[in-house]
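Sequences listed follow chains A and B, in order. Quick note on numbering: the first sequence equals residues 268 to 375 in the working numbering. Quick note on numbering: the second sequence equals residues 268 to 375 in the working numbering. First comes the structure, then the notes that go with it.
Protein chains: 2
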Amino acid sequence: MKNKPIEVTARCPIRTTLELVGGKWKLIILQQLISHEELRLSELKVLIPDISEKMLIQELKTLKISDLVDRINYGEVPPRVGYRITEKGRNAQLLIDEMVHFARSYEE
Amino acid sequence: MKNKPIEVTARCPIRTTLELVGGKWKLIILQQLISHEELRLSELKVLIPDISEKMLIQELKTLKISDLVDRINYGEVPPRVGYRITEKGRNAQLLIDEMVHFARSYEE
DNA sequence: AGCAGTACTAACCTTTTTGTGTGTATGAAA
DNA sequence: TTTCATACACACAAAAAGGTTAGTACTGCT
């Protein structure tokens, strides 16, 4: 019945995950990118109505640095840029599923 | 191949979960309580060496309000208090497992 | 010529989260 | 009597996260 405790160190897996996708927005952004193939900034703004433009850009930038999303610059003018989930990013699907599951089982 | 997008509203499941177990410490505390039956404050401090006493107490208090942990006061003096995971709290196990899984698949 | 749309950057400010340090009640042990 | 340990509370400070506003460069539309 008992599970082994995770040793809480400077770099335990829980903390790694929190650093990658912690915060108010990253998982929400990833979820939209997982379910939409490719999205532009303006489309993400519509899908996530209450995020500020600054946070959206900022989070996309750090997600790209973490290699969880790709940024495709079409080099057109006026600028056209698309965002896509990466393979690593797609792993967040299971995590999100579990969060949804947790929320549901909590609420009943 | 595509998943349905979660509609991002004031209360979507991702946000519910973030409110319950978001932040730097809650999941770490829950994980220890899941794997230890019952723990006192002083024991949690040893298991989570870098948490401050204030944060530990504060987080335990909000976890109790959310009914994710139980607080058992033995009414002794000097005070003796134990913390236990609740049924609802135990649901976090799957979430933590997924976070561990996510961190591992990210790192390879 | 003037305005709108795109994908940003930068400065600044507010709110939230996290941390530090001190104080309290109690009884038992030294 | 002084000291210790427990499980806090409280005031305050620092740091991190998030938000607001303005501005840029370009071009197409009217």
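For glycine and all other residues, C-beta sits at the position ideal for the given N, C-alpha and C. Here the structure is a predicted model, which means the values were calculated and not measured.
Within 9 Å, strictly: CB atoms of residue i and residue j
| i | j | result |
| --- | --- | --- |
| Arg357 of chain A | Ile301 of chain A | yes |
| Pro280 of chain B | Arg371 of chain A | yes |
| Ile361 of chain A | Val288 of chain A | Residue 361 of chain A is actually Leu in this sequence, not Ile. No. Outside cutoff. |
| Glu365 of chain B | Asp364 of chain A | yes |
| Leu327 of chain B | Ile296 of chain B | yes |
| Ile324 of chain B | Leu306 of chain B | no |
Where the alpha helix (DSSP H) through residue i begins and ends
| i | result |
| --- | --- |
| Arg282 of chain A | 280-288 |
| Arg351 of chain B | It is not in any alpha helix (DSSP H) - Arg351 of chain B instead sits in the beta strand (DSSP E) that spans 348-352. |
| Ala370 of chain A | 359-374 |
| Lys328 of chain A | 320-332 |
Alpha-carbon spacing of residue i relative to residue j, whole angstroms
| i | j | result |
| --- | --- | --- |
| Gly342 of chain B | Val348 of chain B | 8 Å |
| Ser319 of chain B | Val367 of chain B | 24 Å |
| Arg278 of chain A | Arg278 of chain B | 31 Å |
| Gly290 of chain B | Val344 of chain B | 33 Å |
| Ile332 of chain A | Arg338 of chain A | 10 Å |
Proximal residues of chain B, C-beta to C-beta of residue i below 9 Å
| i | result |
| --- | --- |
| Thr329 of chain A | Chain B residues near Thr329 of chain A: none, gap ~14 Å exceeds 9 Å. |
| Ile352 of chain A | Going along chain B, no residue has its Cβ under 9 Å from Ile352 of chain A, so there is no contact; the nearest lies around 10 Å. |
Chain-order list of residues whose beta-carbon lies under 7 Å from that of residue i (same chain, five-residue window excluded)
| i | result |
| --- | --- |
| Asn340 of chain B | Val348 |
| Asp334 of chain B | Thr353, Lys355 |
Contacts of residue i in chain B (Cβ-Cβ under 7 Å)
| i | result |
| --- | --- |
| Lys293 of chain A | Result: empty, since nearest Cβ-Cβ is about 10 Å, beyond 7 Å. |
| Arg371 of chain A | Pro280 |
Proximal residues of chain A, C-beta to C-beta of residue i below 8 Å
| i | result |
| --- | --- |
| Ile324 of chain B | Under the 8 Å cutoff, chain A gives no residues; its nearest Cβ is about 17 Å from Ile324 of chain B. |
Cutoff 8 Å; reference residue i; Cβ partners in own chain excluding five residues on either side
| i | result |
| --- | --- |
| Glu304 of chain B | Arg351 |
Bounding residues of the beta strand (DSSP E) (the contiguous stretch that carries residue i)
| i | result |
| --- | --- |
| Arg338 of chain B | 336-340 |
Residue i beta carbon near the ligand MN (any heavy atom closer than 8 Å)
| i | result |
| --- | --- |
| Leu294 of chain B | The ligand MN is not among the ligands present in this structure, which contains no ligands whatsoever. |
Partners in chain A for residue i, counting only beta-carbon separations shorter than 9 Å
| i | result |
| --- | --- |
| Val336 of chain B | Within chain A, no residue comes near Val336 of chain B; the closest Cβ sits about 13 Å away, beyond 9 Å. |
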